[in-house]
Structure formats: structure tokens, C-alpha cells
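Residue numbers (my numbering), protein chains in the order written: chain P, 3 to 408; chain Z, 534 to 654; chain G, 970 to 1063.
Structural data, given as C-alpha cells:
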């Protein structure tokens, strides 16, 4: 019974923790520009993250080592160094985008000078991360992020043409660079590497053992799948509210407007609350992800389960990441623009993490009886192809569409 | 426990070092062998530290690597751990002594002195 | 946004902050249209576009100043709707 309860709580936290600023931006724009015709890209991204996260969670549970640790061990110094540099850079940009996003949401709620709110957001996040235990952090942001379920309710309330919505879930193609850009963006927003580094290290933080393999599977499959429903809801709401008047949402406020159209002030407040905690939780994941990868690369002690003085370089690492993100956001750079670059660059770097994870997950000498079975291998290889295609197309599409503007 | 030479790269190099108290304390960044010409080489020690990294980088990056990560000065950016100090080899290399006794805790000690000033650290 | 404000379905801080973002965007577009060199044949539609952008920004600013005035919001909503249609027609002719 306790196990079922634990699984249920984990799933709820995963739902609320699934959406970050990347999904908020890309899914809203996808719905506004293409109505429901990009819906099929969401399950493609979600299945990808389920496969990726389940593999890395399984690797961590069986070996006691998180994915980056294993990459360092099995792929050697040079591959790990390239992966480290790429992921630290992308993490930092993403962290800045999330912090900036949190500040914008706070401003929409309280109308205070944004510089002050950026500082407030960073200080609040640092204090929460420093003083609250790991499990508490996951639950706080995960549960409150579930306020975004207002978009699922709104999607139903706005009475879309369900026949068209269903058609949108079947793969289709428009021969436009902008459409292709959003396919990459929607898939990329779901498949961000920082989430996998966090999930995998989180398995060690939560002290998962072999008996927790089912918990890993449930969290990954149910949690991310249900989180994907949030992404679908964002596209449907945007499609209903913004497509007809040809609004191209370039602000988080516009995304929130979608929920307001369905439920007025209550919808707006739930949307903003959900965004704040989803984006705040993502910021924490980013900062930790960076600190995990750095510590695991160098072999330092790491983990929130350690006291700060017992993992001092790890502690200083995530503090410094927050400080750097603060500096970046205070320059006035638009978090929505940062998000677009962060997601696209993440997609480019994705094969660097995914391929080692796949090779290790299917390695029987390393994983024993818990290595990938036939189905896991088949889906794993299929997704490698998808990831490579998306990764190669990302930068050219970013340039040709001028970041989704044309 | 002495792994055969085929296993050293696969099972030992780049592995996480864990001391007798279960604390992570670096990685196996290089291996040291004894033995002169004509003699059977014998694994004598682990070398751990960023000072060894530049030697494993592509030739064009070695100078920059040495400048950034260290040149391999024993006791500074590289620590030598005698092979006799290695206990179990599983997914990590378990050492028989504490990290502080083996000289592997220098970096953490420096950072810890700063972090200890934080509340509830 | 104007429609929700007119029906009392929004939050004042949201109108003020998001409204400021949108009005700044409109202002920015007006400035870009004004500053960029333009072919003589496009002079008239560009001037119409600049006027539209300024008018849109102005209406949004009115709502931001008096978000409690639902009648004002209703009038602004009608005007904004009209200007949106004009902007779309203008874009289609170019």
C-alpha cells in the first residue's frame, strides 16, 4: 500500500514537474501558428523522454551510478568532457530562461519592478534548495505545478472540434520551414537532457534499489505521459484562442491569457501559479543538473542527501550556477528568446547523452538481467534515429525561420 | 584483487574512487606501472587528479588542457594512490583508507572551509 | 485581454504588466516601420501601419491606466478588433 502511495505521489510530482518554460513557449506558439496540426509531435517527444528517463533510471538503480557518471566511466575523458561543456552551457542558458520566466510570472502577479523580482526569484529558489530536503523539493514544485491542469480543463471547456484535435494527433506534414521548426521545438522541449541528468541522479538521491525498478518504470511511463497531456492541452488552448485572430504569442502573459479566456480570473491565477512552480522547479532541476554533471565528471562528492559541508564543491557549483543565471537575466535578455535557443541547442546536444545511455542500458555485462529487452532495444534504436534527424535539422531551421518568427 | 590487463581500461580507468567511509574522492585518471625493460609490467598505483587529463586529450588540445587543468604535479593536481590501497572493484573503486589519509581530500577541504560558514551546513 | 477586462474577468496587475509588454511591442513596431528605409510605392501602406501600431499601443495604454473602467475597456475592445482587421487586410495587400 505504501509502495502504491509512493508511486502515486511520484507520478503527481512528475506531472507538475514535466512542463518547463520550453513547453510553455513552444507548445503555445505551435498551437497559435498551426492549431492542432502539431499535436502528433507531443507524443513523439513524450515517448522519447519516457524511453530515455526509464533507461537512465534503470541504469542508476542497477549500478548505483547516475548516467553522467556512467558516460564518464564508459566513454572516457574526452567524450565526457565534450558532453560536460555542452551541457553546462545549455543548462546555464536554460536556467537563466527559467529564472527569467519565474520573474515574469511574479511580475504578472504583483506588478513589481522586474529586476527586484529576478533577485527575489533567485534568492527564494536558493533558500528552498538549500534548506528543503530533496524529496520535499520534488514534491513542492511538482504538486503546485499541477495547477497547470487548469489548461486541461480549459481545453475541454473551450469545446474544440474534437475531430480536428484527433486528426492532429496523427502525423501530418506541412512543407514549411516554420512547421518543421516547431516539430523540432515541440519534440525538443519534451526531450531536454537536463531533466534526464536530474532524474537519473535523483534515483541515487532517493536511494532507489533493485526493488524500485517498478517505481522507476511507473514514474517514467505514467508521470511523463500524464505530463504530456499538459503539453497537448497547451496546444489545444492556444489553437482555440490564438489561431483564429492570428496572435503569435511571444510572452508568457499571452500563454496565461489562454486559461483566462476559459475561466476568467480564477483560470488566470491557476495558470500563473502553475507556471511559477513549474518553471521554478525546472530552474532547480537545471541548477542541480549542472552541479551533478560537473561533480560526476570530476569525481567529487555530490548529492542533496549530503550535508553542504560534506559535498562542498557540489554545493558551491549549484550556488554559482544560480548566481550566473541571475547575472544573465539582469542584462535584460528576453527569457522567451533564451528559451528558444536553449531548447534548440539542447536538441543539438541530445545525441551526446542519449547514445551512451542506450549503449549502456543494453549492455548485459553492465546491466545483467536488467539490460534492455527486445522491445526496449527496438524503441531505443528508433529514437536514436529520430533524435539524430531532429538534432541535425535544429540549427538550420532556427536560422531559416529566424527563431520561429517567419 | 588484480584484474587482468584487458580489464584495466574497461573496469578501472575513469572509475569513481570511494574511500573506506563511502565518500566519493576523485576518479582513476591514469595508471602507473612498475617494471623495467624485459620485466613483466606490474600495476603499482592509481593517479587521480585533473593534472593527468591533458595527457589523454587529442594532441592539438594538450597545451591548452595543461594550462586549464594542470600539468600533473604530484601532490598538487595529481595524487598517487598505491594499488595496495584498492579494495573492491565493482561499479566503483573502493579504497581501504580515508580520502584525507590518502591525500585525496584537498580540493573538498578547501571548499568545505568556505561552506562551513553557511548556516546549517 | 480587452474583452476579459470589459467583463471583469481579469486581474489588474496582469492587465498592467502584460498590457505594458504588448503596448511596448506595438511602439517598437511603429518605430521600426518609421526608421527602416522604404520604397516610394510602399510609403502609404507603411504610414497606415505606423498609425495602426500607435493607435493599438494607445488603446492598450488606456486600459492599463484605468483597468477598473469596464466601459472604456469595451470601447477599446471594439477599436482593437477593428484595427486588427485593418492590419490583416493591410498585410494581405503587401
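Using N, Cα and C, we set each Cβ at its ideal position, and we do this for glycine too.
Just so you know, these numbers come straight off a predicted model, no measurement behind them.
Residue nearest to residue i in terms of C-alpha spacing, selected from the options
i, options, result
"residue 350(P)", "84(P), 33(P), 381(P) and 58(P)", "84(P)"
"residue 983(G)", "1047(G), 1036(G), 1048(G) and 1063(G)", "1036(G)"
"residue 207(P)", "291(P), 368(P), 178(P) and 343(P)", "291(P)"
"residue 88(P)", "353(P), 384(P), 360(P) and 368(P)", "353(P)"
"residue 359(P)", "252(P), 57(P), 204(P) and 335(P)", "57(P)"
"residue 336(P)", "994(G), 999(G) and 980(G)", "994(G)"
"residue 647(Z)", "326(P), 319(P) and 347(P)", "319(P)"
"residue 997(G)", "1018(G), 1013(G) and 985(G)", "1018(G)"
"residue 389(P)", "348(P), 399(P), 257(P) and 163(P)", "348(P)"
"residue 551(Z)", "330(P), 80(P), 346(P) and 301(P)", "301(P)"
"residue 113(P)", "975(G), 976(G), 974(G) and 981(G)", "981(G)"
"residue 8(P)", "117(P), 76(P), 41(P) and 218(P)", "218(P)"
"residue 298(P)", "66(P), 42(P) and 31(P)", "66(P)"
Per-residue burial, residue i [other beta carbons within 10 Å of its own, 16 or more giving buried]
i, result
"residue 362(P)", "buried"
"residue 115(P)", "exposed"
"residue 1007(G)", "exposed"
"residue 1016(G)", "exposed"
"residue 230(P)", "buried"
"residue 610(Z)", "buried"
"residue 195(P)", "buried"
"residue 539(Z)", "At residue 539(Z), the pLDDT of 48 sits below 50, so the modelled position is not reliable; the number obtained from the coordinates is stated separately. Looking at its Cβ environment, which holds fewer than 16 other Cβ atoms inside 10 Å, residue 539(Z) is exposed."
"residue 593(Z)", "exposed"
"residue 991(G)", "buried"
"residue 570(Z)", "exposed"
"residue 650(Z)", "exposed"
"residue 304(P)", "buried"
"residue 210(P)", "buried"
"residue 615(Z)", "exposed"
"residue 977(G)", "exposed"
"residue 377(P)", "exposed"
For residue i, three-class secondary structure by DSSP
i, result
"residue 621(Z)", "strand"
"residue 610(Z)", "coil"
"residue 568(Z)", "coil"
"residue 534(Z)", "Confidence is the limiting factor: at residue 534(Z) the pLDDT is only 46, short of 50, which leaves the residue's position unreliable, though a coordinate-based value still follows. In the structure shown, residue 534(Z) sits in coil (DSSP, three-state: anything other than H, G, I, E or B)."
"residue 551(Z)", "strand"
"residue 382(P)", "helix"
"residue 539(Z)", "Per-residue confidence for residue 539(Z) stands at a pLDDT of 48, beneath the threshold of 50, marking its modelled position as unreliable; no derived number is given."
"residue 491(Z)", "What is shown of chain Z runs 534 to 654, which leaves residue 491(Z) out entirely."
"residue 172(P)", "coil"
"residue 1047(G)", "helix"
"residue 246(P)", "coil"
"residue 1035(G)", "coil"
"residue 219(P)", "helix"
"residue 37(P)", "coil"
"residue 638(Z)", "coil"
"residue 273(P)", "helix"
"residue 979(G)", "coil"
"residue 267(P)", "helix"
"residue 309(P)", "coil"
"residue 150(P)", "helix"
"residue 45(P)", "helix"
"residue 557(Z)", "strand"
"residue 580(Z)", "strand"
"residue 627(Z)", "strand"
Nearest-angstrom Cβ-Cβ length linking residue i and residue j, presumed shorter than 8 Å
i, j, result
"residue 2(P)", "residue 402(P)", "Limits of chain P in this structure are 3 at one end and 408 at the other, which puts residue 2(P) out of reach."
"residue 102(P)", "residue 321(P)", "Actually they are not in contact, since the Cβ atoms of residue 102(P) and residue 321(P) sit about 19 Å apart, beyond 8 Å."
"residue 381(P)", "residue 44(P)", "Not quite, the Cβ-Cβ distance comes to about 17 Å (not below 8 Å), so this is no contact."
"residue 581(Z)", "residue 637(Z)", "6 Å"
"residue 338(P)", "residue 252(P)", "6 Å"
"residue 60(P)", "residue 215(P)", "6 Å"
Residue i vs residue j beta-carbon contact at 8 Å
i, j, result
"residue 191(P)", "residue 47(P)", "yes"
"residue 119(P)", "residue 108(P)", "yes"
"residue 1061(G)", "residue 971(G)", "no"
"residue 310(P)", "residue 1053(G)", "no"
"residue 35(P)", "residue 250(P)", "yes"
"residue 585(Z)", "residue 568(Z)", "no"
"residue 198(P)", "residue 63(P)", "no"
"residue 183(P)", "residue 399(P)", "yes"
"residue 93(P)", "residue 237(P)", "no"
"residue 620(Z)", "residue 628(Z)", "yes"
"residue 294(P)", "residue 178(P)", "no"
"residue 260(P)", "residue 127(P)", "no"
"residue 613(Z)", "residue 79(P)", "no"
"residue 1032(G)", "residue 1040(G)", "no"
"residue 143(P)", "residue 19(P)", "yes"
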